[in-house]
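The sequence shown begins at 0 in numbering that gives the first Met the number 0 and counts up by one. Cβ coordinates follow ideal geometry from the N, Cα and C atoms, glycine included. Only one structure is covered here, and it is reproduced in the block below.
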Amino acid sequence: MQIRQATSPREAKTFDTEQLRQEFLIENLMSGPAFTWVYTHYDRMLIGGLVPGTAAVTLPTYDALKSNFFLQRRELGVINVGGKGVITADGTDYSLEKLDCLYLSRGTKDVSFRSSDGSQSARFYLISTPAHAEHPTTLMKAKDSTVVELGSKEACNERTIYQYIHENGVKSCQLVMGLTVLAPGSIWNTMPCHTHDRRMEAYFYYDVAEDARVFHFMGEPSETRHMVLKNEEAIISPPWSIHSGAGTKNYSFIWAMGGENQSFTDMDAVAMKDLR
0 MQIRQATSPR EAKTFDTEQL RQEFLIENLM SGPAFTWVYT HYDRMLIGGL VPGTAAVTLP
60 TYDALKSNFF LQRRELGVIN VGGKGVITAD GTDYSLEKLD CLYLSRGTKD VSFRSSDGSQ
120 SARFYLISTP AHAEHPTTLM KAKDSTVVEL GSKEACNERT IYQYIHENGV KSCQLVMGLT
180 VLAPGSIWNT MPCHTHDRRM EAYFYYDVAE DARVFHFMGE PSETRHMVLK NEEAIISPPW
240 SIHSGAGTKN YSFIWAMGGE NQSFTDMDAV AMKDLR
């Protein structure tokens, strides 16, 4: 488990490209049948990835958590972006096809992950936040999520948003999670952009073509910066930062938030004229 400290905007504006990437970019999340975790001190979110085989991989605890088991004081959201997989939580099996989401309650002790087919591995993206109460472990299929169509072809940002864990969907303590799929010919996400000082956010870009890249924009609205990402890389977005991107082709991404509230529409819009 890698620990990332919080960085102030005053520090961030002095970083070169390599420093920006070291602080905010998460590479090699889907590196194989062992968990990869990054613990960020922004709202103490954990960002992880796992590509299991057909043998079950058990979720361990870590010394950094100082807990008896991983979910003793935490909740966990998982979205599968690969082949069919199974998550077993305290003896109950949950089958996840591509884009299905599972919320795991605080207090869940025994959790394991496996792929249903060794030739098409599941690819589990995981987000965990601190939890103060227990909500039911819940599986939400992509087709049952709240679906919102946004953007337009003219603005090159036609996209479909799938909301899973949020105030009007799967219940949680503070975790908010869903994904966005851009239509062919569209490249922009979250533009016009915004900030929300009440909560941090993480983006995980997936289904990015091998010969494509996503230019992710961050920073204060008056001091924007960018990083270039390839498929299955994630970005930590501080509460003070915008979070937006443009791809050389259409792509998809998972968004997840943790912090003071769960209102999806709680955002401080930034006018185009104010971006620098």
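Q: Grab the span of the alpha helix (DSSP H) containing Thr159 for me, first residue to last.
A: Against the sequence shown, residue 159 aligns to sequence position 160. It is not in any alpha helix (DSSP H) - Thr159 instead sits in the beta strand (DSSP E) that spans Arg158 to Ile164.
Q: With DSSP as the reference, label Arg224 as helix, strand or coil.
A: Taking the first residue of the sequence shown as position 1, residue 224 is located at position 225. Three-state result, Arg224: strand.
Q | DSSP three-state assignment for Thr57, whether helix, strand or coil | A | Walking along the sequence shown from the start, residue 57 turns up at place 58. In this structure, Thr57 counts as strand in the three-state DSSP scheme.
Q) Based on Cα-Cα distance, which residue from Ser251, Gly81 and Gly90 lies nearest to Asn156? A) As a position in the sequence shown, residue 156 is number 157, starting the count at 1. It is Ser251 whose Cα lies nearest to the Cα of Asn156.
(Q) Taking a contact to mean a Cβ-Cβ separation below 8 Å, would you say Val175 touches Phe263 in this structure? (A) Position 176 of the sequence shown, counted from the start, is the residue given in the question as residue 175. Position 264 of the sequence shown, counted from the start, is the residue given in the question as residue 263. Their beta carbons are under 8 Å apart, which means Val175 touches Phe263 by this criterion.
Q) Going by alpha carbons, who is nearest to Val50 out of Gly84, Met199 and Met139? A) The residue you call residue 50 lines up with position 51 of the sequence shown. The residue with the shortest Cα to Cα distance from Val50 is Gly84.
Q: Return the chain-ordered ranges of every beta strand (DSSP E) run that is complete within the stretch 76-106 and spans a minimum of 3 residues.
A: 84-88, 91-95 and 100-103
Q. Do Asn230 and Tyr205 have their C-beta atoms within less than 8 Å of each other?
A. Residue numbering aside, residue 230 sits at position 231 when the sequence shown is read from its first letter. Residue numbering aside, residue 205 sits at position 206 when the sequence shown is read from its first letter. A contact, by the Cβ cut-off of 8 Å.
Q: For the stretch 170-202, list the beta strand (DSSP E) runs that are entirely contained and at least 3 residues long, ordered along the chain.
A: 175-181
Q: Between the Cα of Arg198 and those of Glu10, Thr35, Asn27 and Met44, spot the shortest distance and give me the residue it belongs to.
A: What you label residue 198 is simply residue 199 of the sequence shown in a count that begins at 1. Here the closest residue by C-alpha is Met44.
Q.
Do Ala121 and Gly277 have their beta-carbon atoms positioned less than 8 Å apart in this structure?
A. Within the shown structure, residues of the chain are numbered from 0 to 275, placing residue 277 beyond reach of any answer.
Q.
Check for me: the alpha helix (DSSP H) holding Pro8 runs from which residue to which?
A. What you label residue 8 is simply residue 9 of the sequence shown in a count that begins at 1. Its alpha helix (DSSP H) spans residues Pro8 to Ala11.
Q) With burial defined as no fewer than 16 other Cβ atoms inside 10 Å of the residue's Cβ, what is the status of Val269: buried or exposed? A) In the sequence shown, counting from the first residue as 1, residue 269 sits at position 270. The residue is buried, with at least 16 neighbouring Cβ atoms inside 10 Å.
Q: Quick one: grab the DSSP three-state call for Asp143.
A: Within the sequence shown, residue 143 is the residue found at index 144, counting from 1. The answer is helix: DSSP assigns Asp143 an H, G or I state.
(Q) In whole angstroms, give me the CA-to-CA distance for Ile253 and Asp92. (A) Residue numbering aside, residue 253 sits at position 254 when the sequence shown is read from its first letter. Residue numbering aside, residue 92 sits at position 93 when the sequence shown is read from its first letter. Approximately 23 Å, taken between the alpha carbons.
Q | Contact belief for Cys172 with Ala132 at Cβ below 8 Å, rounded distance in angstroms | A | Looking up residue 172 in the sequence shown gives position 173. Looking up residue 132 in the sequence shown gives position 133. With a Cβ gap of about 6 Å, Cys172 and Ala132 count as contacting.
Q: Return the CA-CA distance between Met256 and Asp273, expressed in angstroms with no decimal places.
A: One-based indexing of the sequence shown puts residue 256 at position 257. One-based indexing of the sequence shown puts residue 273 at position 274. So the two alpha carbons sit approximately 24 Å from each other.
Q) For Gln261 versus His165, is the C-beta distance shorter than 8 Å? A) Here the question's residue 261 lines up with position 262 in the sequence shown. Here the question's residue 165 lines up with position 166 in the sequence shown. A contact, by the Cβ cut-off of 8 Å.
Q) For the beta strand (DSSP E) that Phe123 lies in, which residues bound it at each end? A) The sequence position of residue 123 within the sequence shown is 124, counting from 1. Here the beta strand (DSSP E) through Phe123 covers Phe123 to Pro129.
Q | Whole-angstrom distance between Gly244 and Thr159, CA atom to CA atom | A | Position 160 of the sequence shown, counted from the start, is the residue given in the question as residue 159. Position 245 of the sequence shown, counted from the start, is the residue given in the question as residue 244. C-alpha separation (whole angstroms): 15 Å.
Q | Test item: CB-CB of Glu259 and Pro8 under 8 Å | A | By 1-based counting over the sequence shown, the position of residue 259 is 260. By 1-based counting over the sequence shown, the position of residue 8 is 9. Contact flag unset, no.
Q) Does the beta-carbon of His242 have 16 or more other beta-carbons within 10 angstroms, so that it is buried, or is it exposed? A) As a working note, residue 242 is residue 243 in the sequence shown. Looking at its Cβ environment, which holds 16 or more other Cβ atoms inside 10 Å, His242 is buried.
Q) Which residues does DSSP pair with Gly258 in a beta bridge? A) Translated into positions along the sequence shown, residue 258 becomes position 259. Gly258 is bridged to Arg198.
Q. Any chance the stretch 27-38 sits against the stretch 54-71, with 3 or more Cβ pairs inside 8 Å?
A. yes
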